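Visitor: Before we start, here is the structure in question, set down as structure tokens.
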Amino acid sequence: MSARSPFPRHHGNADHSDADSNDHGDAARSDHGDAGDSRHPGDADDTRGSARTDRPGRDRHAVRHAAPTGRYRITEDRHVAVVGGGIAGLAAATVLAERGVRVTLLESEPRLGGRVASWPIGEGRTMSRGFHAFFRQYYNLRSLLKRFDPDLTSLAPVPDYPLQRPDGLRDSFSNIPLTPPCSILGFVLRSPTITLRSLVDVNVAAALELVRVRFPDTFSAYDGESAAAFLDRLRFPPAARDLALEVFARSFFADPDDFAAGELVAMFHTYFLGSAEGLVFDVPVDDYDTTLWAPLGRVLDGFGVDVRTSCPVRSIDTTAQGATLTLDDGVLSADAVVLATDPRTARQLAASTTSPSLAGWRHAVAATRNAPPFVVVRLWLDEPVEADRPPFLGTSGYGPLDNISVLERFEDGARKWSAQHGGASVVELHGYACDPSVTTDPAALDDVVTELSHQLHAALPETARLGVVHREVLARQDCPVIGPRGWTERPGVTTPSPALVLAGDWVACDLPVALMERAATTGFLAANTLLHRWGVQGQDVWSTPMSGLLATPRQRSWTALP
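UniProt numbering puts the first residue of the sequence shown at 1, with every later residue one more than the last.
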């Protein structure tokens with residue numbers, strides 16, 4: 001196993017359900033039990049071992065990675081500064097505060113949520129950085145949300161997730177079995193883009209790699225190969241490649257030529273080939289701040305967390321005694337710091353450290369890169385789109401347009417605005433991996449916005465005749481790209497300094513997790529690292545199976561991550 005993970009080897013094994021799944025995915029999904037501990041830190045000390053096997057979802061092969069054991073609540077005064085109020089920072093701050101650690105949460109923006117934030121823009125409208133899918137494989141993110149919403153009523157299912165090409169071909173992930181291999185067979189039988197004739201040229205050996213994965217080895221096994229090169233080697237039918245494969249790489253805001261094949265293969269496993277949770281996902285029932293981060297902020301306030309928004313950190317340094325952070329209004333000292341910012345800010349803060357022990361680590365952080373920019377266009381129209389339009393439509397072959405959301409179909413705020421304006425629609429367009437000039441050249445951004453609107457009209461023809469009441473445009477370049485090379489050198493949760501840990505979707509993790517779930521998972525693991533050093537019980541984390549359907553064997557007793 002990789003040496004970067006924060007779980008000591010001697011603290012036991014990950015738990016698996018021993019029962020084979022006979023479920024072919026036709027049953028309704030079970031209630032998502034809490035992947036964490038529902039008790040409060042005032043409860044009696046807890047020394048739970050590895051006997052806990054309650055699953056966080058329907059997949060009987062989900063894996064529990066038990067946290068190091070210890071007393072439930074810290075007994076001495078410890079202070080941790082968490083830098084970053086996105087998912088990773090919120091996850092770390094929550095676990096630390098639950099265990100009685102004194103936490104100061106520092107967020108440079110005026111609100112929590114990080115890259116999944118939303119904000120009001122007047123007249124009952126809100127804006128965000130774009131649509132996010134809350135997949136049912138996101139066990140650790142859902143555990144975080146259950147701190148304020150035990151039944152996850154803040155999330156609602158999206159009934160379908162169609163992927164569409166200009167030639168009219170459309171794939172769907174609804175109404176197919178959920179459990180592999182039935183899910184794979186069901187998708188192939190229903191898909192108009194994958195026929196038996198089109199599969200004749202598929203590289204069978206490469207295809208079998210998708211169901212023979214074993215983590216974390218799979219991440220490094222593809223080192224040097226891009227997602228595009230793997231897709232070329234796979235020789236999937238072009239339409240299937242566009243609709244069912246490249247969408248995974250594009251969801252990382254990256255061009256497949258600049259995205260790691262190991263990450264792509266991990267996504268096939270996590271979302272489809274190795275998990276019985278299915279590819280249909282949930283979405284918040286209102287904007288992110290109202291539904292998610294304001295309620296979680298109230299939970300943190302109840303634990304006594306000192307939440308400081310609009311409070312950027314200018315530098316960080318560590319010593320044997322702890323950490324020192326420079327703020328605009330002074331210096332903050334702490335026993336430890338969780339660095340949970342976006343990758344560019346993390347590079348800047350890593351460069352500000354001066355400890356000789358961090359020299360190699362600073363170089364590794366500096367080598368990380370940002371993905372190309374993305375553009376979000378939100379349109380408040382004067383009439384509704386056609387009633388049968390899905391709430392979320394993935395697109396391929398529509399120029400820079402990667403997906404379309406019809407927000408009043410699932411978001412309360414947009415629904416209220418729509419009702420006040422005669423049923424008019426609120427439509428969001430998302431373009432990934434745009435040219436870097438969109439963040440610096442207004443003319444280049446205007447060109448992309450114009451083309452996104454043009455492609456919207458091609459995908460939803462009725463929108464060509466609709467007027468735009470209001471438009472909001474956002475372009476950002478602050479997401480990570482996990483390139484084809486250097487996975488083994490990528491910074492993980494731990495660092496050479498015991499007073500500094502990392503968390504975020506850009507941080508390496510041995511588990512098959514990505515995007516928001518990697519942020520939540522590494523946030524939990526960062527908290528666990530510090531708690532273990534202080535003899536305190538951490539937060540169990542869950543993942544989809546650590547090996548594929550045809551790995552030998554699929555289930556084994558995985559050593560707890562070191």
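Ideal placement from N, C-alpha and C gives every residue a C-beta, glycine not left out. For clarity, every value in this text was computed on a predicted model and none was experimentally measured.
(1) Secondary structure at R4, three-state DSSP: helix, strand or coil?
(2) Just mark V468 as buried or exposed, buried being the case when its beta carbon has 16 or more other beta carbons within 10 Å.
(3) So, with DSSP's three-state summary, where would you put G431?
(4) Go ahead and label R78 buried or exposed: buried means 16 or more other beta carbons lie within 10 angstroms of its beta carbon, across all protein chains shown.
(5) Please classify residue 564 as buried or exposed, where buried requires at least 16 neighbouring CB atoms within 10 angstroms.
(6) For I176, count the other beta carbons within 10 Å of its own beta carbon; 16 or more makes it buried, fewer makes it exposed. Which is it?
(7) Whether or not the segment 469 to 485 and the segment 253 to 261 are in contact is what I'm after, with contact meaning three or more pairs of Cβ atoms, one per stretch, closer than 8 Å; do they touch?
(8) Any Cβ of chain D within less than 8 Å of the Cβ of T69?
(9) Hey, quick one: how far does the alpha helix (DSSP H) through residue 573 stretch, first residue to last?
(10) For the segment 82 to 97 and the segment 292 to 302, state whether three or more C-beta atom pairs, one from each stretch, are separated by less than 8 Å.
(11) Since Y139 is in the alpha helix (DSSP H), which residue starts that stretch and which ends it?
(12) For G224, which residues in the same chain have their Cβ closer than 8 Å to its Cβ, ignoring the five residues on either side in sequence?
(13) Under 7 Å Cβ to Cβ from F392, same chain only, skipping five residues before and after it: list those, please.
(14) Taking just the CA atoms, how far does V200 sit from L91?
(15) Report the residue ranges of all beta strand (DSSP E) runs contained in full by the segment 256 to 322; include only those spanning at least 3 residues, in chain order.
(16) Taking the C-alpha atoms as reference points, what is the distance between V541 and R64?
(17) Just to check my reading of the structure: A527 and G538 have Cβ atoms closer than 8 Å, yes? What is that Cβ distance to the nearest angstrom?
(18) For F236 versus V202, is the C-beta spacing smaller than 8 Å?
(19) What is the DSSP secondary structure of W506, counted as helix, strand or coil?
(20) With a threshold of 16 other CB atoms inside 10 Å of the CB of G124, please say whether the residue is buried or exposed.
(21) Write down the C-beta distance between R362 and A350 rounded to the nearest angstrom, noting that I regard them as a contact closer than 8 Å.
(22) If you run the structure through DSSP and keep just helix, strand and coil, what is L381?
(23) Which residue marks the beginning of the beta strand (DSSP E) containing R125, and which one marks its end?
(24) Report the rounded CA-to-CA distance for A340 versus G304, giving the unit in angstroms.
(25) Check F236 in the structure and name its three-state DSSP category.
(26) Distance, Cα to Cα, D149 vs P491?
(27) If you reduce the DSSP assignment to three classes, tell me which class A387 lands in.
(28) Considering Cα atoms alone, identify which of A371, I74 and P343 is closest to G504.
(29) Mark E277 as exposed unless 16 or more other C-beta atoms lie within 10 angstroms of its C-beta, in which case mark it buried.
(30) For P343, which three-state DSSP category applies?
(31) Taking the alpha-carbon positions, what's the R60 to A67 distance?
(32) Can you name, in chain order, every residue of its own chain whose Cβ lies under 7 Å from the Cβ of I121, other than the five neighbours on each side?
(33) W542 lies in the beta strand (DSSP E); which residues open and close that run?
(34) CA-CA distance, S38 and A444?
(35) In whole angstroms, what separates the C-alpha of T179 from that of S275?
(36) Tell me which residue opens and which closes the beta strand (DSSP E) that S333 is part of.
Guide: Looking at the coordinates:
(1) The predicted position of R4 is uncertain, since its pLDDT is 37 and thus under 50; a value taken from the coordinates is nonetheless stated next. In this structure, R4 counts as coil in the three-state DSSP scheme.
(2) exposed
(3) strand
(4) Buried, by the Cβ-count rule.
(5) Residue 564 lies beyond the stretch modelled for the chain, which goes from 1 to 562, so this question has no answer here.
(6) buried
(7) yes
(8) As a matter of chain content, chain D is missing from the structure shown, which is built from one protein chain.
(9) The structure shown does not extend to residue 573, since the chain spans only 1 to 562, so no value can be given for it.
(10) yes
(11) Y139 to L145
(12) Closer than 8 Å at the Cβ level, and outside the excluded window around G224, lie P484 and R485.
(13) F131, V158, Y161, N403 and S405
(14) In the sequence under discussion, the amino acid at residue 91 is Ala, which differs from the Leu named in the question. Answer to the nearest angstrom: the Cα atoms are 46 Å apart.
(15) 281 to 284, 306 to 308 and 313 to 319
(16) 6 Å
(17) At roughly 7 Å, the Cβ-Cβ gap stays under 8 Å, so A527 and G538 are in contact.
(18) yes
(19) In the structure shown, W506 adopts coil according to DSSP, grouped into three states.
(20) Exposed, by the Cβ-count rule.
(21) 5 Å
(22) strand
(23) R125 to S128
(24) 20 Å
(25) coil
(26) 33 Å
(27) coil
(28) P343
(29) buried
(30) Reduced to three states, the DSSP call for P343 is helix.
(31) 20 Å
(32) Once the five neighbours on either side are set aside, the close Cβ partners of I121 are M127 and E472.
(33) V541 to S543
(34) With a pLDDT of only 33 at S38, under 50, the local geometry of the prediction cannot be trusted, and the value read off the model is given with reservation. S38 and A444: Cα-Cα distance of roughly 50 Å.
(35) Between the alpha carbons of T179 and S275 lies a gap of roughly 7 Å.
(36) G330 to A334
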